[in-house]
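Q: One structure, pasted below without further comment.
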Amino acid sequence: MELMDRKAQGTTPSPNADAARAVPRADVERTMSSPLSEFNISLALMSVIPLLLCCYLITVKFFSLSILVGLNASYFLFAVIFSILGIMVGRRAIRRIVQQLVEANLRSERLLAQLTSVNERLRQTNTALAKSHKDLRAAQLHLIQAEKLEAVGQLAAGVAHEVKNPLTAILFGAQYLSKHLAGAQPTDHDELASVAREMEDVVKRADAVVNGLLDFATPQQFHLATDRLNPAIEESLGLVKHELDESRVSVVKALQDDLPLVRMDRNKIQQVFVNLFLNAIQAMSAGGTLTVRTYTRPLSSLDGFVGRRQSDRFKLGETAVVAEVTDTGAGIPEGHMAKLFTPFFTTKQPGNGAGLGLTVTKRIIDLHGGVIEVTNRTEGGVTVTLLFHQHPAGEPQSSAGE
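Using my numbering, you'd call the opening residue of the sequence shown number 1030 and step up by one each time.
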């Protein structure tokens, strides 16, 4: 029968048919019993029914003609053989279609099993990542709390040191005056006046420390407005002109004329530049050059503050407004770089600052959404870089905020 099928079709069995025979019988029976396979088989049967119907009609037609016109019985036999061959061809076609459907269904089931396995692995990985994220978050909160406690300890130690020293000087001065005023002679006037001036100086220093602490600890009230950065820099230079002249420090300005507008509190930004200028002047006690530059910088590479995350201060591709303050002093020791913004940390001589200037400066820049960077120059000196956001055109020109 198989040979007759091959002769009837004039072809050899297809590779699909050979592959179909290789399908395990259990898999075929399982697949054939599924609702999807039964539906596909029904479709295959429906597609072959017209062929069988044609064979049947041809047979009936020949049989009728043989009765009506008395045709030879060989014609009737030919019709019967043709019908049988048609049925065999249809049967083979049905079997081939069903086998192909079985194979396709098995492949689909294997693919579904693979997808299920991959999905399970992804679920397990996601669970592990969620646990890791939770653990990292807990560790981060623990570190933040530890850093806060350390900062509070440093702040308390700094306050104790900066306030205790003036109080001690005031106490000694008061004791000295109370001891010598009663029997003071006219010749003692200059000495007593000197003691009083020293007491006044330490009181001013203690007052500066307290004011610095208030600036650091009190919530800042910001009155933001769309403004130009260059005039604020010019005014800040005017405020330190006396110190510049006394220290024999020359100023070089390279301010971009068409610098974009920024959103800022003018008074706070002036405070920032005055702090930076005074630090630079004190670093050049023997004279030097103070250079101030403004320009725009496209942020085209990922950095500690540039990225695509919501938490990044600047977005990749953004153009920042930049201000640089450069001095020609001795620079900052590398071991001190990490402590620059720590409250009460200073390398200045006693009486030249409480160590809160850069701390307050960084806080003001942070509240403006900007960034401050401090780097040593290879040729000597320090460059302080400030980055601000451009103010988009068309937004309100002024507002107040905290």
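Note that CB positions come from ideal geometry on N, CA and C, so glycine has one too.
These figures come from a predicted structure and were not determined experimentally.
1) In the DSSP assignment, find the unbroken beta strand (DSSP E) run with G1317 in it and report its ends.
2) Tell me whether N1134 is buried or exposed, calling it buried when 16 or more other Cβ atoms sit within 10 Å of its Cβ.
3) Is it right to say I1393 is buried, meaning 16 or more other beta carbons lie within 10 angstroms of its own, or is it exposed?
4) So the beta strand (DSSP E) A1349 belongs to, where does it begin and stop?
5) Thinking C-beta only, is P1195 closer than 7 Å to A1159?
6) DSSP beta-bridge partners for M1366?
7) On the criterion of 16 or more Cβ atoms from any shown chain inside 10 Å, does S1062 qualify as buried, or is it exposed?
8) Quick one: Cα of S1307 to Cα of H1162, how far?
9) So, with DSSP's three-state summary, where would you put V1303?
10) Out of curiosity, what's the CA-to-CA distance linking L1328 and D1341?
11) Excluding the 5 residues preceding and the 5 following E1347 in the sequence, name in chain order all residues of the same chain whose CB lies nearer than 6 Å to its CB.
12) Work out the CA separation of V1354 and I1330 for me, nearest whole Å.
13) What do you get for S1265, buried or exposed, if any count of 16 or more other CB atoms within 10 angstroms of its CB means buried?
14) Could you tell me if A1367 is buried or exposed, where buried requires 16 or more neighbouring beta carbons within 10 angstroms of its beta carbon?
15) How many angstroms separate the CA atom of E1229 from the CA atom of G1336?
16) What's the C-alpha gap between R1124 and E1132?
17) Just the Cα atoms here: how many angstroms apart are V1281 and G1202?
18) Shorter than 7 Å from the beta carbon of E1408 to some beta carbon of chain D?
19) Could you round the C-beta distance between L1290 and D1256 to whole angstroms and report it? I think they count as a contact, below 8 Å.
20) Assuming K1391 and F1370 make a contact with CB atoms under 8 Å, what is their CB distance in whole Å?
21) From I1310 to L1273, what does the alpha carbon distance come to, in whole angstroms?
22) Which residue's Cα is closest to the Cα of I1361: G1398, N1405 and L1319?
23) Quick one: what does DSSP say H1418 is sitting in, helix, strand or coil?
24) Spatial neighbours of Q1426 within its chain, please: C-beta separation below 8 Å, excluding the five flanking residues on both sides.
25) Thinking A1349 and R1326 are a contact (beta carbons under 8 Å), I'd like their distance in whole angstroms, please.
26) Going straight from the alpha carbon of Q1339 to that of L1396, what length do you get?
27) Throw me the rounded Cβ distance for the L1210 and L1221 pair, which I believe falls under 8 Å.
28) So if DSSP puts V1400 in a beta bridge, which residue, or which two residues, is it bridged to?
29) Please report the straight-line C-alpha distance between V1232 and K1208, rounded to a whole angstrom.
30) Note the first and the last residue of the continuous beta strand (DSSP E) segment covering D1256.
31) In the structure shown, what three-state DSSP assignment does M1293 receive?
A: Reading from the atomic positions:
1) Numbered from 1 along the sequence shown, position 288 holds the residue referred to as residue 1317. First-last of the beta strand (DSSP E) with G1317: G1317 to P1327.
2) On the sequence shown, position 105 is the one that residue 1134 refers to. A residue is called buried when at least 16 other Cβ atoms come within 10 angstroms of its Cβ; N1134 meets this threshold and is buried.
3) Numbered from its first residue, the sequence shown carries residue 1393 at position 364. I1393 counts as buried, since at least 16 other C-beta atoms from the protein chains shown sit within 10 angstroms of its C-beta.
4) Here residue 1349 is taken as the residue at index 320 of the sequence shown, counted from 1. Looking at the DSSP string, the run of the beta strand (DSSP E) that includes A1349 is T1348 to T1355.
5) In the sequence shown, residue 1159 corresponds to position 130, counting from 1. In the sequence shown, residue 1195 corresponds to position 166, counting from 1. In this structure, P1195 does not lie closer than 7 Å to A1159 by Cβ.
6) For the purposes of this step, residue 1366 is taken as residue 337 along the sequence shown, with counting starting at 1. DSSP lists no bridge partner for M1366.
7) Here residue 1062 refers to the residue found at position 33 of the sequence shown. Note that S1062 scores 45 on pLDDT, short of 50, meaning its location in the model is unreliable; the coordinates nonetheless yield the value given after this. Here S1062 is exposed. Its C-beta has fewer than 16 other C-beta atoms within 10 Å.
8) Indexing the sequence shown from 1 puts residue 1307 at position 278. Indexing the sequence shown from 1 puts residue 1162 at position 133. Residue identity check: residue 1307 is Leu in the sequence provided, not Ser. Their backbone Cα atoms lie some 45 Å apart in a straight line.
9) In the sequence shown, residue 1303 corresponds to position 274, counting from 1. DSSP places V1303 in helix when its eight states are reduced to three.
10) For the purposes of this step, residue 1328 is identified with residue 299 of the sequence shown, where counting begins at 1. For the purposes of this step, residue 1341 is identified with residue 312 of the sequence shown, where counting begins at 1. Between L1328 and D1341, the C-alpha separation is close to 12 Å.
11) As a position in the sequence shown, residue 1347 is number 318, starting the count at 1. Around E1347: L1328.
12) In the sequence shown, the residue the question calls residue 1330 occupies position 301. In the sequence shown, the residue the question calls residue 1354 occupies position 325. The question names Ile, but residue 1330 in the sequence shown is Ser. Distance between the alpha carbons of S1330 and V1354: 23 Å.
13) Taking the sequence shown and counting its residues from 1, one reaches residue 1265 at position 236. S1265 is classed as buried because its beta carbon has at least 16 other beta carbons within 10 Å across all chains shown.
14) Stepping through the sequence shown from its first residue, residue 1367 is reached at position 338. Within 10 angstroms of the beta-carbon of A1367 lie fewer than 16 other beta-carbons, which makes it exposed.
15) By one-based count along the sequence shown, residue 1229 stands at place 200. By one-based count along the sequence shown, residue 1336 stands at place 307. The C-alpha of E1229 lies about 51 Å from the C-alpha of G1336.
16) One-based indexing of the sequence shown puts residue 1124 at position 95. One-based indexing of the sequence shown puts residue 1132 at position 103. Approximately 12 Å between the Cα atoms of the pair.
17) Translated into the one-based positions of the sequence shown, residue 1281 becomes position 252. Translated into the one-based positions of the sequence shown, residue 1202 becomes position 173. Looking at the two C-alpha atoms, the distance is approximately 45 Å.
18) Among the protein chains of the structure shown there is no chain D, as only one such chain exists.
19) Translated into the one-based positions of the sequence shown, residue 1290 becomes position 261. Translated into the one-based positions of the sequence shown, residue 1256 becomes position 227. Correct: roughly 7 Å between the Cβ atoms.
20) Residue 1391 sits at position 362 when you count from the first residue of the sequence shown. Residue 1370 sits at position 341 when you count from the first residue of the sequence shown. So it is a contact: roughly 5 Å between Cβ atoms.
21) Within the sequence shown, residue 1310 is the residue found at index 281, counting from 1. Within the sequence shown, residue 1273 is the residue found at index 244, counting from 1. So the alpha carbons of these two residues sit roughly 7 Å apart.
22) Along the sequence shown, one-based indexing puts residue 1361 at 332. The option with the nearest alpha carbon to I1361 is N1405.
23) Counting from 1 along the sequence shown, the entry for residue 1418 is found at position 389. In the displayed model, H1418 falls within a strand according to three-state DSSP.
24) The residue you call residue 1426 lines up with position 397 of the sequence shown. Note on Q1426: pLDDT 44, under 50, position unreliable in the model; the coordinate value appears next. Excluding the 5 residues flanking it on each side, Q1426 has same chain C-beta neighbours closer than 8 Å at A1254 and T1255, in chain order.
25) Translated into positions along the sequence shown, residue 1349 becomes position 320. Translated into positions along the sequence shown, residue 1326 becomes position 297. Taking C-beta atoms under 8 Å as the contact rule, A1349 and R1326 qualify, at a distance of about 5 Å.
26) Position 310 of the sequence shown holds residue 1339. Position 367 of the sequence shown holds residue 1396. In a straight line, the C-alpha of Q1339 is about 17 Å away from that of L1396.
27) Walking along the sequence shown from the start, residue 1210 turns up at place 181. Walking along the sequence shown from the start, residue 1221 turns up at place 192. Contact between L1210 and L1221 holds, since their C-beta atoms are separated by about 7 Å, short of 8 Å.
28) As a position in the sequence shown, residue 1400 is number 371, starting the count at 1. When DSSP reads this structure, V1400 sits in a beta bridge with L1416.
29) Start at 1 with the first residue of the sequence shown, and residue 1232 comes out as number 203. Start at 1 with the first residue of the sequence shown, and residue 1208 comes out as number 179. Straight-line Cα distance between these residues: approximately 21 Å.
30) Taking the sequence shown and counting its residues from 1, one reaches residue 1256 at position 227. For D1256, the enclosing beta strand (DSSP E) stretches over residues A1254 to D1256.
31) On the sequence shown, position 264 is the one that residue 1293 refers to. Three-state DSSP puts M1293 in a strand.
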